[in-house]
Amino acid sequence: MAASEKMDRPHMKPWIEGIHPYVPGKSRGEDGRKLIKLSANENPMGCSPAVLAALAQGHEPSLYPDPDATALREAIGALHGIDAARIVCGTGSGECLNGAVQAFAGPGDEVLFPRYSFSLYPLLAHKVGATVVLAEDTDYAPDVDKLLAAVTERTRVVLLDNPNNPVGTWLPRKEVARLHAGLPTNVLLVIDQAYAEFLDEGEDDGGMELAANNDNVLVTRTFAKAYGIAGERVGWATGAPHLIDALNRLRGAFNITASGQRAALAALSDQSFVAASRDANIAARKRFVEQIEALGNHGLRALPSKANFVLVVFEGALAAETALQAIAAAGYAVRHLPGQGLPQALRITIGTSAQMDEIAAVLRGLCGAQA
Numbered sequence: 001m002a003a004s005e006k007m008d009r010p011h012m013k014p015w016i017e018g019i020h021p022y023v024p025g026k027s028r029g030e031d032g033r034k035l036i037k038l039s040a041n042e043n044p045m046g047c048s049p050a051v052l053a054a055l056a057q058g059h060e061p062s063l064y065p066d067p068d069a070t071a072l073r074e075a076i077g078a079l080h081g082i083d084a085a086r087i088v089c090g091t092g093s094g095e096c097l098n099g100a101v102q103a104f105a106g107p108g109d110e111v112l113f114p115r116y117s118f119s120l121y122p123l124l125a126h127k128v129g130a131t132v133v134l135a136e137d138t139d140y141a142p143d144v145d146k147l148l149a150a151v152t153e154r155t156r157v158v159l160l161d162n163p164n165n166p167v168g169t170w171l172p173r174k175e176v177a178r179l180h181a182g183l184p185t186n187v188l189l190v191i192d193q194a195y196a197e198f199l200d201e202g203e204d205d206g207g208m209e210l211a212a213n214n215d216n217v218l219v220t221r222t223f224a225k226a227y228g229i230a231g232e233r234v235g236w237a238t239g240a241p242h243l244i245d246a247l248n249r250l251r252g253a254f255n256i257t258a259s260g261q262r263a264a265l266a267a268l269s270d271q272s273f274v275a276a277s278r279d280a281n282i283a284a285r286k287r288f289v290e291q292i293e294a295l296g297n298h299g300l301r302a303l304p305s306k307a308n309f310v311l312v313v314f315e316g317a318l319a320a321e322t323a324l325q326a327i328a329a330a331g332y333a334v335r336h337l338p339g340q341g342l343p344q345a346l347r348i349t350i351g352t353s354a355q356m357d358e359i360a361a362v363l364r365g366l367c368g369a370q371a
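In UniProt numbering, the protein residues as written are 1 to 371.
In structure tokens:
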């Protein structure tokens, strides 16, 4: 194509052209065979029966949904003790995260987060032309001192997923408070609590309190994980009024569908389902981690996790790629993350106890074969 012809067509901004699209977890093998999907951190218990009943009622598809998700915001506020005016709902928490970065960062600015973080974060920064800055880890986990050391006069947003994805580690209240206290007041701290419902009962990183009492803290949550309605794409954020105002300016009009609002309301009404999901996850995760720890002499290590997945690191003769192929041959899809600098690891969603036992058996067999 001639240079003159290239000039006649629309051109992407250079920072958009450099974006690598988000890659979801696989659900099929290389041969196209459908696999049991333990690659996307979905809830193996599905969703509450209350959600299914609410969706079965149907709605009038010719009518727009409530553009402000008023009833849903009020229900979220009632559950968490938050003024509904300080809540905004998004198409998944991803829309809220996107709005936070878009509102407060741009070309010449820096968006900072731990080296091993949610793979969406670099895309959010690149979309607005900001520079990605990765803070070094400590044994894969976020480190507050290293995050603070990476802050510069160009830092505008700090993203912290807590519990962390893909590692699964968790910073307690004291460490999150120390991170916030060490940031300049003009830097926005976004605490992504997508997996907070999987924490042990009573555990809390204090993010909601920070968001309630400070002008530079935003907390995001999702209904995709413990609530089990990933397909409806509903998330939310809370923070100071000016932060919520910014997200409301940027979010899509009528962004939460009528069915999504109805499903989320029903999900909120059944906290016993959320508690059952948490308890089942803790039990199955503990059993799986114990089985991985038994293979420690073969170089397998399960990193500490507070989420509904475990990152297994392969530090011996058995390679993660080999394990990935064997697990797929057994009928399961798990997440290999070389694109995130983790070619030596597999992120494995916690499924049922029987499913986790099968995966552990595959890994034991591989270790035995290489012994």
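Cβ coordinates follow ideal geometry from the N, Cα and C atoms, glycine included.
Problem set entry | Integer Cβ distance of Phe223 from Glu209, believed to fall under 8 Å | With a beta-carbon spacing of about 22 Å, Phe223 and Glu209 fall beyond the 8 Å limit used to define contacts.
Exercise. Can you tell me whether DSSP reads Tyr121 as helix, strand or coil?
Worked result: helix
Problem set entry | Runs of beta strand (DSSP E) wholly within the stretch 80-145 (minimum 3 residues, chain order) | 87-90, 110-114 and 131-135
For this session: Quick one: grab the DSSP three-state call for Met1.
Result: Low confidence applies here, because Met1 scores a pLDDT of 48, under 50, leaving its location unreliable and the question unanswered by this model.
Problem set entry | Option in Lys225, His11, Gln57 and Pro49 with minimal Cα separation from residue 415 | Nothing can be reported for residue 415: it is not among the residues displayed for the chain, which extend from 1 to 371.
Exercise. Can you tell me whether Met1 is buried or exposed, with buried defined as 16 or more other CB within 10 angstroms of its CB?
Worked result: Annotation note: pLDDT 48 at Met1 (below 50); position unreliable, no value reported.
Problem set entry | Contact under 8 Å by Cβ, Ala226 with Asn43 | Closer than 8 Å, so yes.
For this session: Can you grab the Cα-Cα spacing for the pair Asp357 / Phe288, in whole Å?
Result: 7 Å
Problem set entry | Extent of the continuous alpha helix (DSSP H) to which Pro10 belongs | Looking at the DSSP string, Pro10 is not in any alpha helix (DSSP H), and its letter there is neither H nor E.
Exercise. DSSP on Pro184, reduced to helix/strand/coil?
Worked result: coil
For this session: With DSSP as the reference, please indicate the residues paired to Phe309 in a beta bridge.
Result: As DSSP reads the structure, Phe309 sits in a beta bridge with Thr349.
Exercise. Three or more C-beta pairs closer than 8 Å, one from the stretch 70-85 and one from the stretch 257-274: is that the case here?
Worked result: yes
Problem set entry | Opposing strand residues paired with Leu336 [DSSP bridges] | The sequence shown places His at residue 336, rather than the Leu named in the question. In the DSSP assignment, His336 is bridged to Leu346.
Problem set entry | Inter-residue spacing [alpha-carbon to alpha-carbon] between Ala196 and Thr352 | 20 Å
Exercise. Hey, Leu38 and Pro166: beta-carbon distance below 8 Å or not?
Worked result: Their beta carbons are not under 8 Å apart, which means Leu38 does not touch Pro166 by this criterion.
For this session: Could you check what DSSP says for Thr70 in three-state terms: helix, strand or coil?
Result: Reduced to three states, the DSSP call for Thr70 is helix.
Exercise. Cβ-heavy atom distance between Ile327 and the ligand PLP below 7 Å?
Worked result: With respect to small molecules bound, the structure shown includes none, and the ligand PLP cannot be examined in it.
For this session: Output the distance between the C-alpha atoms of Ala284 and Asp200, rounded to the nearest integer angstrom.
Result: 14 Å
Exercise. Are Ala333 and Leu35 closer than 8 Å when you measure CB to CB?
Worked result: yes
Problem set entry | Same chain only: Cβ atoms within 8 Å of Pro343, ignoring 5 sequence neighbours per side | Ala320, Glu321, His336 and Leu337
Exercise. Is the stretch 102-111 in contact with the stretch 172-183, if contact means three or more CB pairs nearer than 8 Å?
Worked result: no
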